[in-house]
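One structure is given below, encoded as structure tokens.
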Amino acid sequence: MELHIAAASIAPLLGWAVHGGILAHRLAAARRDPLTGLHTRAGWTARAERLICRHPGAAVLLVDLDHFKALNDTHGHAAGDTALIETADRLRTWCGPSGIAGRLGGDEFVAVVRDLDAAGIDALTAALHRPLTYNGASLPLAASFGACLIADLPLPALTDALTAADAAMYATKGRGRRGPRTSR
Numbered sequence: 001m002e003l004h005i006a007a008a009s010i011a012p013l014l015g016w017a018v019h020g021g022i023l024a025h026r027l028a029a030a031r032r033d034p035l036t037g038l039h040t041r042a043g044w045t046a047r048a049e050r051l052i053c054r055h056p057g058a059a060v061l062l063v064d065l066d067h068f069k070a071l072n073d074t075h076g077h078a079a080g081d082t083a084l085i086e087t088a089d090r091l092r093t094w095c096g097p098s099g100i101a102g103r104l105g106g107d108e109f110v111a112v113v114r115d116l117d118a119a120g121i122d123a124l125t126a127a128l129h130r131p132l133t134y135n136g137a138s139l140p141l142a143a144s145f146g147a148c149l150i151a152d153l154p155l156p157a158l159t160d161a162l163t164a165a166d167a168a169m170y171a172t173k174g175r176g177r178r179g180p181r182t183s184r
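Those letters in the sequence shown? Residues 1 to 184, per UniProt numbering, in order.
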């Protein structure tokens with residue numbers, strides 16, 4: 001009889017444990033972009049804030065695909081999705097273990113890395129400007145980005161770094177998309 005009572009009291013606990021596991025999985029999935037697998041704004045922000053607190057030499061980058069609407073309109077949404085996935089992969093690879101990449105939405109991406117030097121900027125520029133292979137064709141892929149070095153800010157705040165990176169990115173777009181700028 002005691003075994004029967006023990007089993008009956010374990011069943012609800014097991015149900016709550018399974019339910020909790022499902023909820024935890026759904027929360028984790030909500031912090032990832034379903035198309036690219038990158039962190040969404042909320043998931044990226046929490047990690048980025050921790051990284052910039054630990055590494056005062058960190059840099060925040062904002063990345064925007066160039067001519068994305070034309071690519072989508074000319075080659076279809078599947079080609080656009082492929083461009084987003086490829087950009088995410090290139091940005092994730094460039095960040096490596098010393099940074100974190102995210103997708104803000106649309107064709108906007110964000111990253112934070114511990115250190116940013118000229119070689120890193122050149123490598124990112126090359127990665128984001130390599131053509132995209134889609135259905136056997138080579139399609140042009142390009143992105144503009146701006147960077148903000150945390151050390152250049154009066155206070156190391158992520159929101160200020162994103163604002164400065166955004167301004168640097170639009171300055172780059174205004175120069176004809178010929179490379180990145182940093183906020184200095």
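Where a beta carbon is used, it is the ideal one built from N, C-alpha and C, also for glycine.
- prompt: Under a Cβ-count criterion, where at least 16 other Cβ atoms within 10 Å of its own Cβ denotes burial, should residue 74 be classed as buried or exposed?
  reply: Flag for residue 74 reads exposed.
- request: Return the residue from the list 78, 127, 84, 57 that minimises the CA-CA distance to residue 117.
  value: Out of 78, 127, 84, 57, 57 has the C-alpha closest to the C-alpha of residue 117.
- request: Can you tell me which of 87, 49, 153 puts its alpha carbon nearest to the alpha carbon of residue 139?
  value: Here the closest residue by C-alpha is 87.
query: Buried or exposed: where does residue 179 fall if 16 or more other Cβ atoms within 10 Å of its Cβ makes it buried?
result: Confidence at residue 179 is low in this model, with a pLDDT of 47, below 50, so the placement of that residue should be treated as unreliable; the coordinate-derived value is given next. Classification for residue 179: exposed.
field: According to DSSP, residues forming a beta bridge with residue 132
entry: For residue 132, which the question treats as bridged, DSSP gives the partners 139.
- prompt: Can you tell me where the alpha helix (DSSP H) with residue 51 in it begins and where it stops?
  reply: Segment 41–54, the alpha helix (DSSP H) holding residue 51.
- prompt: Any idea if residue 39 is buried or exposed, counting beta-carbon neighbours within 10 angstroms, 16 or more meaning buried?
  reply: Flag for residue 39 reads buried.
Inter-residue Cα distance where the pair is residue 59 and residue 94: So the two alpha carbons sit approximately 13 Å from each other.
Start and end residues, alpha helix (DSSP H) containing residue 91: Counting along the chain, the unbroken alpha helix (DSSP H) around residue 91 starts and ends at 77–95.
- request: Could you pull out every residue in the same chain whose Cβ sits closer than 7 Å to the Cβ of residue 71, ignoring the five residues on either side in sequence?
  value: Answer for residue 71: 79, 80, 83, 139, listed in chain order.
query: Which word fits residue 35, buried or exposed, when buried means at least 16 other C-beta atoms lie within 10 angstroms of its C-beta?
result: That one is exposed.
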